[in-house]
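Here the structure comes first, spelled out in structure tokens, and everything after it is commentary.
Okay, here's the thing in structure tokens:
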């Protein structure tokens, strides 16, 4: 069986310097653990012979890395300018109300994490909502109950 250290070394071999492999290594760790706990960041740092502080600085900069546990499902509402002008805040508020959680939080049952994201790249069909890596566009506040019902298996 391949160890995490072996996987990181394989990724590291693709780059000219070990620091260049940090994003791949963080992705591998998050894939194994579901999120980047302090222990997971230390594991990445050890495999790359870097400091945990360096690895954490990269992980905390990019929103694709999760520094706290996340739900089974991820709902991300784009709030960038195009989506904001098309009503993204109403959509985000509707999700918050329907799920009973504020943006950045996870439902009490651990099933759904709600996030406001900077850009989903679908400006032409705003507002965009990404549910478990599947794009929904355009989404209106009125669409939210049906999306939540599908997430909840109803």
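Numbering (the numbering used here), first residue to last: 124 to 277.
C-beta: ideal position from N, C-alpha, C; glycine also.
Here residue 223 is exposed. Its C-beta has fewer than 16 other C-beta atoms within 10 Å. If you look at residue 206, you'll find it in the alpha helix (DSSP H) that goes 204-208. Using a 10 angstroms sphere on the CB of residue 242, the tally of other CB atoms stays under 16, which defines it as exposed. Between the alpha carbons of residue 268 and residue 171 lies a distance of about 45 Å. Considering only 239, 183 and 144, the residue with the shortest C-alpha distance to residue 197 is 239. Taking C-beta atoms under 8 Å as the contact rule, residue 226 and residue 215 qualify, at a distance of about 6 Å. Put simply, the backbone Cα of residue 194 is about 26 Å away from that of residue 126.
In the structure shown, the three-state DSSP call for residue 124 is coil. If you ignore the 5 residues before and after residue 199, its C-beta comes within less than 6 Å of the C-beta of 238, 240 and 253, all in its own chain and listed in chain order. If you draw a straight line from the Cα of residue 247 to the Cα of residue 128, it is about 42 Å long.
Contact between residue 210 and residue 264 holds: CB atoms are separated by about 7 Å, below the 8 Å threshold. By the 16-neighbour rule on beta-carbons within 10 angstroms, residue 166 is buried.
Only residues of its own chain outside the window of five on either side were considered, and among them 144, 147, 148 and 151 have a CB closer than 8 Å to the CB of residue 134, listed in chain order.
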